[in-house]
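There are 4 protein chains.
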Amino acid sequence: MIYSNVFEDPNKFSFDIQSLGKCSVDSPVRGRQFIEDDEEISFPSQVKNINILQKKAEKFPAFQKAGPRKKIFHDPAWSHAAIITCGGLCPGLNNVIKGLVNVLYYDYNVKSIFGVRYGYQGLVPKYGYSPLHLNPEVVDSIHAVGGTILGSSRGNQGEVEMVDTLDRMNINLLFCIGGDGTLRGASDIVTEITRRKRAISVIGIPKTIDNDLSFIEKTFGYETAVHSSFEIITSAHNEAIGAYNGIGIVKLMGRDSGFIAASASLSNSAVDFCLVPEVDFTLDGENGLFRALERKLDKFHHAVIVVAEGAGQNLFKGLETRKDASGNILKNDIGVFLKDEISSYFKRIGKESSVKYFDPSYIIRSVAAISSDSIFCYLLAENAVHAGMAGKTNMVIGHWNNYFTHVPISLATHERRKIDLDGALWKGVLSSTRQNDYFSV
Amino acid sequence: MIYSNVFEDPNKFSFDIQSLGKCSVDSPVRGRQFIEDDEEISFPSQVKNINILQKKAEKFPAFQKAGPRKKIFHDPAWSHAAIITCGGLCPGLNNVIKGLVNVLYYDYNVKSIFGVRYGYQGLVPKYGYSPLHLNPEVVDSIHAVGGTILGSSRGNQGEVEMVDTLDRMNINLLFCIGGDGTLRGASDIVTEITRRKRAISVIGIPKTIDNDLSFIEKTFGYETAVHSSFEIITSAHNEAIGAYNGIGIVKLMGRDSGFIAASASLSNSAVDFCLVPEVDFTLDGENGLFRALERKLDKFHHAVIVVAEGAGQNLFKGLETRKDASGNILKNDIGVFLKDEISSYFKRIGKESSVKYFDPSYIIRSVAAISSDSIFCYLLAENAVHAGMAGKTNMVIGHWNNYFTHVPISLATHERRKIDLDGALWKGVLSSTRQNDYFSV
Amino acid sequence: MIYSNVFEDPNKFSFDIQSLGKCSVDSPVRGRQFIEDDEEISFPSQVKNINILQKKAEKFPAFQKAGPRKKIFHDPAWSHAAIITCGGLCPGLNNVIKGLVNVLYYDYNVKSIFGVRYGYQGLVPKYGYSPLHLNPEVVDSIHAVGGTILGSSRGNQGEVEMVDTLDRMNINLLFCIGGDGTLRGASDIVTEITRRKRAISVIGIPKTIDNDLSFIEKTFGYETAVHSSFEIITSAHNEAIGAYNGIGIVKLMGRDSGFIAASASLSNSAVDFCLVPEVDFTLDGENGLFRALERKLDKFHHAVIVVAEGAGQNLFKGLETRKDASGNILKNDIGVFLKDEISSYFKRIGKESSVKYFDPSYIIRSVAAISSDSIFCYLLAENAVHAGMAGKTNMVIGHWNNYFTHVPISLATHERRKIDLDGALWKGVLSSTRQNDYFSV
Amino acid sequence: MIYSNVFEDPNKFSFDIQSLGKCSVDSPVRGRQFIEDDEEISFPSQVKNINILQKKAEKFPAFQKAGPRKKIFHDPAWSHAAIITCGGLCPGLNNVIKGLVNVLYYDYNVKSIFGVRYGYQGLVPKYGYSPLHLNPEVVDSIHAVGGTILGSSRGNQGEVEMVDTLDRMNINLLFCIGGDGTLRGASDIVTEITRRKRAISVIGIPKTIDNDLSFIEKTFGYETAVHSSFEIITSAHNEAIGAYNGIGIVKLMGRDSGFIAASASLSNSAVDFCLVPEVDFTLDGENGLFRALERKLDKFHHAVIVVAEGAGQNLFKGLETRKDASGNILKNDIGVFLKDEISSYFKRIGKESSVKYFDPSYIIRSVAAISSDSIFCYLLAENAVHAGMAGKTNMVIGHWNNYFTHVPISLATHERRKIDLDGALWKGVLSSTRQNDYFSV
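Protein chains in written order, with the numbering used here: chain A, 412 to 852; chain B, 412 to 852; chain C, 412 to 852; chain D, 412 to 852.
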């Protein structure tokens, strides 16, 4: 992965509301070590020899460090915040909402907090969705519940109409929790805000259960998704064992990147084959999946396949592409496809087999966050509030080398992060599943 | 429900190996109160006024009480037992296997116990499945795992060939864990055994996750299935709340009887509509599901539907019937059908809606049993061993009025038990969901 | 168990508000089969040969069947209900509260429902606890949470003062959820009400996690407690295995009856010794626990002991008795005692051992109810409302032979139910633990 | 934290078996990118401005990067490995064992793998514990079970005797899974090995549920511990709510560092006070815990306190110190102490209160690892095998900036890692609990 070109003009990622005034308000945050804007987190830790690279770099590329600023831009007494959740469910949404509300309310004394209903639709009058009034009491126990109390929707709305609403409601802090499409929509809102010269901060909290954002090591909900996949895989394993040549197929989230599938496979050693978008495979022939599976069954009489939803798209070549309301390219359903094709294959060669198919997507997306995600959500939310109050905009809160960072939206949505096929995760999957022993005997 | 006619000739339900000798062996079971064959559990407790009825009955119909007998038929020293699991997975299969093995081994000193692989196929040589040798060590920790360590298969096999195998292996105790089809297969085996005058006891342990056997109040796995459904319904609820006019549809097990759907709905009050095979419904019109759902959404903007797989089959009138390998009539998929039809309806009337569909069948069937089922499985297994050692045959272990009973296979498979629509369970569902308020406004 | 003498004068258990008027109000409950007061559930199903007994009985002793009555006593339009929870936490309390509120509100249109705070203290002005106003919205999601939203307290309060409060608040329906002491307190309240000739129904919902009420087969929370004990026992097993001669001791609830300990032991076969109040044991000597444990360790090098809190009280002979605020006799702590004594024993005889002690009482009592308990709680609550509206009083809702029943408080609190040492549960425990093999080698 | 002085002589941390020969064996590991010994992971990422510091550093201090080496020291064909688990249970022990066995067996073809029983005692003949023979089949399903299949013990044994055993059994790879004391014991073994000039690699896998090792960001089991604490805290919250002025006290692991207590408090916002070893507190006076708690209760009438076992040790000044078998200083039991003192305080001032105490230590330590820990354990184990086969010794596998590293034992055990009181975790705890509002009103 080469990131160098995105840094050609670092100024294009500036994200302070600079032209509208200085940060002149004393932060009401107590007992904290304040962060300076020039504190940086260097990013290229993945490159092979960090010392050598650093010596080469004239100006060391880095992220601004997140955290409370001593002087803030928005006066808490005059602030009105809005929170919005967009796209599909992801464990931790309610934790982020709760964190935002509590930090705004208690740390910054911002008491006017609106919960926009049903994603960007809630900012468009024609839908007629009244916002919720949020405060610590309203959000007190929502962390224990999956989903989002605000509701969500897919797809963007016209930025002019949405900024009209922000204007009308005097919102000066907008927190957008969502994925690629949502964040691009947030950028469009910033453009319109900038055109109108409004002092409105727009802060994104990146939400992708697939954990596939660039320059952000971990996104919330991902660990919970892996954890929830564990028992589904165990179920598939039990079903596979329960029939002669039983085959359990579990389709997991992962449109472009197989992080969930790979991590789930590494955490539950019942998995025999892990198929991810990063690695193409064929079905037929000596090196194809059919023969690999057959070899496994001949030896053990049961097998479990975990397949990311975006895997094997090369097998659908020639079919037309479709998109969902958020503009995501709709993947052909590899799970159902594999189920049908594998059944056919074994029927064709006259070997008994029994395929059970698991598609737990909604079940996983809607559970409550596990503890590590809860903590991560809280800290994401906290840093989002700090950034917003300090007058940052057009950025998301990222996480890099154990620090929370400010990442320009354009950078975060620049490209999808992929599994490093030479890295520990994928090598661990290969070592744990031993799948290559069966693909290439 | 009137059961009277099935008792016209009670002798047709006799199930002792009578012609082959007496129970002349002293039971090795220690420290137990032995049960006499004439101890009975009366069955018609559901009728309105039990006292009046009992006075009317000349001969009071009843089940033989299960439990250890003082004198047993099979000599433990010469006994060889076989255990077989058939049909789809059900929580508790491994618990039953473990219970059978431990009671045979420890209480009766039967040390030769075979685990037949992959259902009735394991008794047919052409499949070539060698049986497992079972003992307490092998089964020590299987209770914590879902599925069946023996494997299973659907459908019956030729009884002549299967009894040949029993003969060849000197099996005198066969424990069949399975549903309707399996039990009918067991009856065919008994017929062949009787023809050959072999002293082989065939004892069934009824397995139906749907809890729909006649004369048997509760079957194992059912409570676990209800328990596992709880969190799936919560997920559906979270998904429903997460979208404007969000609709979560959860299809649960229940081919002919809606016990799981009803109990799951009563245990998780997130459910708005519970649809079961016992209650027909229509889609269109003022009293149809579409309008009922619309009324609910107009008021709350989200709804959860739980539908048993056998519900709404009247909606498929005119389509041809299909059967699976076990001879069960394949139901048309009401879940997918509802999902498509409901989406179409709201598109048609121009109302936004978002349908999320959950089909957790395999996930639920393959989990480990919860504690109450574990206990139930152990006691079922224990009583099955007592019955087998005492020379009973052609029967299953039932449960009635808090007692374990001996139920002739022909009686247990006589008809499917249904939800009593005037009983506490269904009335509780109606009271909890308040669905009739929306069907008939 | 011989119950005959308590039925000598069945009239002493009458529990209708008879002297104050007839049930003259038409029930607003729709779509239900109404129950007549003379429908009965016979109780002695545990006796050996039910048919013979029934022929002998002139008047068959029985319970009144619970359920909605066609004519009710209290006019819903004028009704004010109060709900109270007393004593220690028990899984399902919130489910019962929710059920009561929903059935009162929706089925009977009783909209004035008070939640009395902190048990009987909430009926005494000096504590100054204002009641909560309850309605379906307030209780909507409490079923997913353990504990009681009303709070609780131990011990009774003066009945005169409490009835003064009921009078002042115009309460005509009081639902008391609690154990022995609470129910006796409820009886005292009824006495005071009767003295004042007030038309106030007092209905108890029996709460004993120990499942030890007479004439009531199952109490709510019990199955959840058994289920929650499962993983604690697994932890104890892991700790026991994790050390040479490792001993895990788990103390479970059960002051006078060992139902939880026995069921938990039967459901988790990791248990080697199950000690209950119903079976005395000694520590020293060839037949004592020390030697039994030593034999087990010599063979397997680890052991798990489950002990009910009321077990082994004979070992404390000579010590003075203490009582808690509810008047329950405080048991000497058998768990800590065993832990210390067993450690000492092995030190004394010079054998290495490592004792780990688990006392999960509060952890178990405060969890949310599992599905089977949720359903049971709902049905208990529903029947309690039916009874209260029909003008019953001084009774609790029981469960017998799969029916809900009306049980006079005096009968329910008559004596503690015990494990039948000849029954399936205890015999199953002995068979599963094989503990007697080690006690008497 | 200033680490500079420990790097004064980097050579004292060299940990290759240098004097005994070169790494001359070709690695049998297939399909991996091999790591060179001079690849480094820089460590001081926590310092304020990383760029500035790096420019100052002449020689950049760093860890050797873990991973497979192209040339290895030990010839797999002649290798005998031994695995040992020491000290208290920790979630993930079985995962590490399984990972070690699978990577040794499949990736390196080392088929002779011994599981040493009961910690270091298993290397001392007088205890007479025969080792287990480990292979992939034996460890196949142990990842789903808590504890350690090898058993464990506290305390070290004589290194001469232990190396005698290694010699006798021809062990050339010893993997020690344990904490501070265990690792120091491992160092002693290395000293004896070096004295005898044996080519035995000793690799530590650091086990501290407290997550308090220096130079290692995360240790296995920690995330599971935090996750398991969540529901215990919820129980404590339910108990606190269930009584007037109810106080739930939960003691969690954390002898010298409060990471578990802090993370658990941040993940479950039911916590009102989080007490850790890093922050001293007093009980009496206006700024003491008693008054803080009283203020909380006056406002909400319930409170939850989470206290790390090593917190508040300043309150025990003057008492003598005790040590356990591993040499750890035994902390005075702050949990029981707080429970008693708080009860007394409220009795003293005449305010009602009800304290419930939770001490779930063993319950948490003995659960199975959650998914994120499973993955972490596998990767730790994999890298431990790579290190061992490459002839490293006297080191542990660490984790730093998302990389696995080689850390000299002396460095890892150099000092305990503490919560950074200016860092995100502790600030998050303060923000979430708002406890300082009550301490200093």
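In this text, a Cβ means the ideal position worked out from N, Cα and C, and glycines have one as well. Since the structure is predicted, the reported quantities are computational estimates derived from the model, not experimental observations.
For a cut-off of 8 Å, the C-beta gap from C:LEU500 to C:ARG776 is around 4 Å, short enough to register as a contact.
Contact annotation for B:THR559 against chain A: GLY653 [CB-CB distance below 7 Å, chain order].
Nearest to A:PRO617 by alpha-carbon distance, out of A:LYS803, A:GLY799, A:ALA792, A:LEU836, is A:ALA792.
Under the DSSP assignment, D:HIS797 falls in the alpha helix (DSSP H) whose first and last residues are 782 to 800.
Distance from the CA atom of B:LEU700 to the CA atom of C:ASN505, rounded to whole angstroms, is 32 Å. B:HIS544 carries a strand assignment under DSSP once its states are collapsed to helix, strand and coil. In the structure shown, the three-state DSSP call for D:GLY659 is strand. Only GLU642, ILE643, THR645, SER646, ALA647, HIS648, ASN649, GLU650, ALA651, ILE652, GLY653, ALA654, TYR655, GLY657, GLY659 from the segment 633 to 659 of chain A bring a Cβ to less than 9 Å from some Cβ of chain B. The way I'd put it, the segment 743 to 762 of chain C doesn't touch the segment 589 to 604 of chain B; fewer than three beta-carbon pairs between them come closer than 8 Å. Annotation for A:SER765: the continuous beta strand (DSSP E) segment containing it runs 765 to 769. For B:LYS476, the uninterrupted beta strand (DSSP E) run begins and ends at 473 to 476, by DSSP. Inter-residue distance for D:LYS767 and D:GLY657 is about 8 Å (C-alpha atoms, whole angstroms). Within chain D, the residues ARG443, GLN444 have their CB atoms less than 9 Å from the CB of A:ASP833, given in chain order. If you draw a 10 Å sphere on the C-beta of A:HIS544, you find fewer than 16 other C-beta atoms in it, and that means exposed. Chain order gives no chain C residues near B:HIS810, where near means a beta carbon separation below 9 Å; the closest approach is about 11 Å. Unbroken alpha helix (DSSP H) runs of no fewer than 4 residues, entirely contained in the segment 671 to 746 of chain B, are found at 700 to 711, following chain order. For A:SER564, the neighbours in chain B by C-beta distance under 7 Å run, in chain order, ALA654, TYR655. Closer than 8 Å at the C-beta level to chain B, one finds these residues of the segment 531 to 543 of chain A: GLN532, TYR538, TYR540.
The shortest C-alpha to C-alpha distance from C:HIS648 to any of C:ALA654, C:GLY659, C:SER639 is the one to C:GLY659.
Three or more Cβ pairs closer than 8 Å define a contact, and the segment 525 to 538 of chain D meets that threshold against the segment 567 to 578 of chain D. Contact annotation: B:LEU663 and B:SER640 have beta-carbon atoms nearer than 7 Å. Rounded to the nearest whole angstrom, the CA to CA distance from C:ASP449 to C:ALA477 is 11 Å. The DSSP-derived three-state label of B:SER598 is helix. Within the same chain, GLU689, VAL690 come within 8 Å of B:LEU832 by CB-CB distance, once the 5 residues on both sides are set aside. If only uninterrupted beta strand (DSSP E) runs of at least 3 residues are considered, those enclosed by the segment 593 to 648 of chain C are 612 to 617.
Below the 8 Å Cβ cutoff, chain A contributes no neighbours of B:PRO479, its closest Cβ being approximately 32 Å away. Sorting A:GLY569, A:ASP591, A:VAL571, A:ALA492 by C-alpha distance to the C-alpha of A:LEU584 places A:ALA492 at the top. Contact annotation: in the segment 500 to 529 of chain B, residues whose CB is within less than 7 Å of a CB in chain A are LEU500, TYR529.
In the DSSP secondary-structure assignment, C:PRO819 is bridged to C:MET806. Counting of Cβ neighbours within 10 angstroms places B:TRP489 among the exposed residues, the total staying below 16.
With respect to the 7 Å criterion, D:PRO542 and D:PHE525 are classified as neighbours on the basis of their beta carbons.
Cβ neighbours of C:ALA779 within its own chain (closer than 7 Å, five residues either side excluded): PRO502, ALA555, VAL556, GLY557.
Looking at the backbone, the Cα of B:LEU790 and that of B:PRO487 are separated by about 20 Å.
In this structure, DSSP gives D:THR496 an extended state, which the three-state scheme calls strand. With a threshold of 7 Å between beta carbons, C:LYS767 makes contact with chain D. With fewer than 16 other beta carbons inside 10 angstroms of its own, C:ASP751 counts as exposed.
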